[in-house]
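K.L.:
Just dropping this structure here.
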Amino acid sequence: MAYEFDFGAIVPHWKLLFDGVILTTELTVIGAVVGVGFGIMGAWARASRAPVISQIVGIYVELIRNTPFLVQLFFIFFGLPALGVKLTEFQAAVLAMIVNLGVYSTEIIRAGIQAVPQGQIEAAQSLAMNRLQIFRYVVILPALKKIWPALSSQIVIVMLGSSVCSQIAAEELTFGANYIQAINFRAFEVYFIVTGIYLVMSILLRMSLKVLGNYLFERRRHV
Amino acid sequence: MSEFTLWDIVYNLLLAGRWTVLLSLTAFALGGLVGLILLMIRTAGNPWLVRLVRGYVELFQGTPLLMQLFIVFFGLPLIGLDVSPWVAATLGLTLFTSAFLTEIWRGCVESIGRGQWEASASLGMNFTQQMRYIVLPQAMRIAIPPTVGFSVQVVKGTAVASIIGFVELTKAGTMITNATYAPFTVYGCVALMYFLICYPLSLFARHLEGKFRHVAR
């Protein structure tokens, strides 16, 4: 007997998917904002003249970049309680997102900082600005502007990667899909629709980041 | 009840690690092959086919790898093909890899100057000859560093295959954790093994980047 598709079977459970979209969005927004914040600090540390700090951050970055997100998630959620750090599913998922985006944006922003012309930094030094002022007023905005497209793609990639957070029962979009297919056994239909939702979310996210980039970097030019 | 020593954990993880390596190699090789074919279609320039390849890339870059694996794993049985987790994981990762490699390589081919195409066309070369003798040999040099860099993403991607039940490094880690109740040690070892596979690749990619940047100037 041929299989009959029944996409209608998903409709009664729309609320689960809706809640999932909200949670995935929350994970992404918190991860992106805090992660990029850490990324800026990380890049600052990497560029710092104290080699020890720079090296410690460097090792941390390599450790995270060369291990899978899923394994990091399991380590945080199942492994850390052994050290007495107990986190809820949501907290563990958020932490993993922040750690990942923090590390990737450290590397991306560092590349942007290196691209700021040395002459501008020297000019700022000749105005008697200290290192923090130079970083804050001269370096960081042009650096961010330069690498904004790369940073945006990375945020989208991490948003898509958050689908594995369902494995520690964080109730994001994929978790909703798993839950629905466990109720009505319409696995293919559910995952097909949810894939479509992810596609729309990634397009919307990319667009919003573009708008945000325009707002952050274009306006300042005239000030 | 038998006791697990640290060596037992490491030994069992190493056994499972072979599957991670095998899956990565297979997905990378097949994905490279499909990616190359898509690249040809994309560069040959039939507008409908170009649009199709662009849609393909957009689809696989805009959706989670986990969803792609789920759709292959749950979708193929519906058209009468019974797939094992191994086949589903290989197929899913191949599609994923091909989409990313096509996009990376397209950038490399496009960086070859228009003049090269025109010069070779003026020598009476057809598209295949232009590709074979003029464009690909040059594009390949540029393409090697980012391709090696992307291989790290493929290795990390194989971890997701554990979710559809393919027993590789991550899945083995979960199973051993369930037997030993030592998640900290086990997942620590799992992460370390991924690191030992991925870090040399990262270093190699960076080394190549430095080398080729030097040559390009």
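One line per chain: the protein sequences are H and G, in this order.
Sequential numbering from 87 applies to the first sequence in the working numbering.
Sequential numbering from 917 applies to the second sequence in the working numbering.
The C-beta atom is built at its ideal place from N, Cα and C for all residues, glycine as well.
In this text, all values refer to a predicted model and were calculated from it rather than measured experimentally.
Give me the Cβ distance between I1060 (chain G) and L1124 (chain G), rounded to the nearest whole Å; I'm assuming they're in contact under 8 Å.
P.N.:
Right, their Cβ atoms sit about 6 Å apart.
K.L.:
Closer than 7 Å by beta-carbon distance: list the chain G residues that pair up with I289 (chain H), in chain order.
P.N.:
Correct list: G978.
K.L.:
I believe Y1103 (chain G) touches G1089 (chain G) by the beta-carbon criterion, under 8 Å. Please report the beta-carbon distance rounded to the nearest angstrom.
P.N.:
That belief holds up - the Cβ atoms of Y1103 (chain G) and G1089 (chain G) are roughly 6 Å apart, short of 8 Å.
K.L.:
Are the beta-carbon atoms of I1058 (chain G) and S1027 (chain G) separated by less than 9 Å?
P.N.:
Contact flag set, yes.
K.L.:
Mind reading off the beta-carbon distance from T1086 (chain G) to V157 (chain H)? Whole number of angstroms is fine, and I expect it under 8 Å.
P.N.:
Yes, T1086 (chain G) and V157 (chain H) are in contact; Cβ-Cβ is about 6 Å, under 8 Å.
K.L.:
Looking at the structure shown, is D924 (chain G) part of a helix, part of a strand, or coil, going by DSSP?
P.N.:
D924 (chain G) falls in the helix class under three-state DSSP.
K.L.:
What's the call for A1015 (chain G), buried or exposed, on a 16-neighbour Cβ count within 10 Å?
P.N.:
The residue in question, A1015 (chain G), is buried, as its Cβ has 16 or more Cβ neighbours within 10 Å.
K.L.:
Are there any heavy atoms of the ligand SAM lying less than 8 Å away from the beta-carbon of L938 (chain G), as far as the coordinates show?
P.N.:
Questions concerning the ligand SAM fall outside what the structure shown contains, since it holds no ligand whatsoever.
K.L.:
L994 (chain G) versus chain H: which residues are under 7 Å apart at the beta carbon?
P.N.:
What L994 (chain G) touches in chain H: Y89 and F274.
K.L.:
Count the C-beta pairs between the segment 121-141 of chain H and the segment 189-202 of chain H that are closer than 8 Å, then say yes if the count reaches three, no if not.
P.N.:
Because the criterion of three Cβ pairs below 8 Å is met, the segment 121-141 of chain H and the segment 189-202 of chain H touch.
K.L.:
List the residues of chain G that V189 (chain H) touches, going by C-beta distances under 7 Å, in chain order.
P.N.:
By Cβ distance, chain G contributes nothing, its closest Cβ being about 13 Å from V189 (chain H), past 7 Å.
K.L.:
Are P154 (chain H) and V1076 (chain G) close, meaning C-beta to C-beta below 9 Å?
P.N.:
In this structure, V1076 (chain G) lies closer than 9 Å to P154 (chain H) by Cβ.
K.L.:
Look up V979 (chain G) in the DSSP assignment and say whether it is helix, strand or coil.
P.N.:
Reading the sequence as shown, one finds Thr at residue 979 (chain G) and not Val. Reduced to three states, the DSSP call for T979 (chain G) is coil.
K.L.:
Can you pull the chain H residues whose beta carbon is under 8 Å from the beta carbon of Y1115 (chain G), in chain order?
P.N.:
Correct list: E148 and N152.
K.L.:
What would DSSP say about V1083 (chain G), mapped onto helix, strand or coil?
P.N.:
Coil, per DSSP.
K.L.:
Considering P137 (chain H), what are the terminal residues of the alpha helix (DSSP H) in which it resides?
P.N.:
Unbroken alpha helix (DSSP H) run through P137 (chain H): P137 to R151.
K.L.:
What's the call for I1138 (chain G), buried or exposed, on a 16-neighbour Cβ count within 10 Å?
P.N.:
The structure shown has nothing for residue 1138 (chain G), since chain G only spans 917 to 1133.
K.L.:
Name the chain A residues whose beta carbon is nearer than 8 Å to that of I987 (chain G)?
P.N.:
Here chain A cannot be found, since the structure's protein chains are H and G.
K.L.:
Under three-state DSSP, which class holds D105 (chain H)?
P.N.:
In this structure, D105 (chain H) counts as helix in the three-state DSSP scheme.
K.L.:
Buried or exposed: where does V97 (chain H) fall if 16 or more other Cβ atoms within 10 Å of its Cβ makes it buried?
P.N.:
The residue is exposed, with fewer than 16 neighbouring Cβ atoms inside 10 Å.
K.L.:
Please decide whether P167 (chain H) counts as near chain G, where near means a Cβ-Cβ distance under 9 Å.
P.N.:
So yes, P167 (chain H) belongs to the interface.
K.L.:
Tell me whether A178 (chain H) is buried or exposed, calling it buried when 16 or more other Cβ atoms sit within 10 Å of its Cβ.
P.N.:
A178 (chain H) should be labelled buried.
K.L.:
I'd like to know if the segment 931-945 of chain G and the segment 997-1007 of chain G are in contact, where contact means that at least 3 CB-CB pairs between them fall below 8 Å.
P.N.:
A contact exists between the segment 931-945 of chain G and the segment 997-1007 of chain G.
K.L.:
Report yes if the C-beta distance between L981 (chain G) and L955 (chain G) is below 9 Å; otherwise report no.
P.N.:
Going by C-beta atoms, L981 (chain G) is not nearer than 9 Å to L955 (chain G).
K.L.:
Taking the alpha-carbon of G948 (chain G) as reference, which of G:L931, G:S1067 and G:V1083 has the nearest alpha-carbon?
P.N.:
It is G:S1067.
K.L.:
Contact between the segment 275-286 of chain H and the segment 199-206 of chain H is defined here as three or more beta-carbon pairs at a separation below 8 Å; is this criterion met?
P.N.:
Contact between the segment 275-286 of chain H and the segment 199-206 of chain H is absent, because fewer than three Cβ pairs lie under 8 Å.
K.L.:
Measure from the alpha carbon of W1013 (chain G) to the alpha carbon of each residue in G:G1065, G:A1037, G:V966 and G:N1042, then state which is nearest.
P.N.:
The question names Trp, but residue 1013 (chain G) is Thr in the sequence shown. Checking every option, the nearest Cα to that of T1013 (chain G) belongs to G:G1065.
K.L.:
Suppose the cutoff is 6 Å on Cβ atoms and the five residues either side in sequence are ignored; what does the same chain contact list for A182 (chain H) look like?
P.N.:
Hits under 6 Å: Q158, L159 and I162.
K.L.:
Ends of the alpha helix (DSSP H) at T1063 (chain G)?
P.N.:
Residues L1052 to G1073.
K.L.:
Compute the Euclidean distance between the alpha carbons of S1118 (chain G) and V966 (chain G), then round it to the nearest angstrom.
P.N.:
If I take the Cα positions, the gap works out to 32 Å.
K.L.:
Using the beta-carbon of each residue, which ones in chain H are nearer than 8 Å to Y972 (chain G)?
P.N.:
None at all; the shortest Cβ gap to chain H is about 12 Å.
K.L.:
Please classify V138 (chain H) as buried or exposed, where buried requires at least 16 other C-beta atoms within 10 Å of its C-beta.
P.N.:
By the neighbour-count rule (16 or more Cβ atoms within 10 Å), V138 (chain H) is not buried but exposed.
K.L.:
Nearest chain H C-beta to I1058 (chain G) closer than 9 Å, yes or no?
P.N.:
Answer no: the Cβ-Cβ gap between I1058 (chain G) and chain H never drops below 9 Å.
K.L.:
Using a Cβ cut-off of 9 Å, pull out every chain H residue sitting near I1079 (chain G), in sequence order please.
P.N.:
Under the 9 Å cutoff, chain H gives L156, V250, S252 and Q253.
K.L.:
If L237 (chain H) sits next to F303 (chain H), beta carbons under 8 Å apart, how far is it from one beta carbon to the other, in whole angstroms?
P.N.:
Rounded, the Cβ-Cβ distance is 12 Å, inconsistent with contact.
K.L.:
Strictly under 9 Å for the Cβ-Cβ distance: is R1133 (chain G) near chain H by that measure?
P.N.:
A caution first: R1133 (chain G) carries a pLDDT of 42, below 50, which makes its placement in the model too unreliable to give a value.
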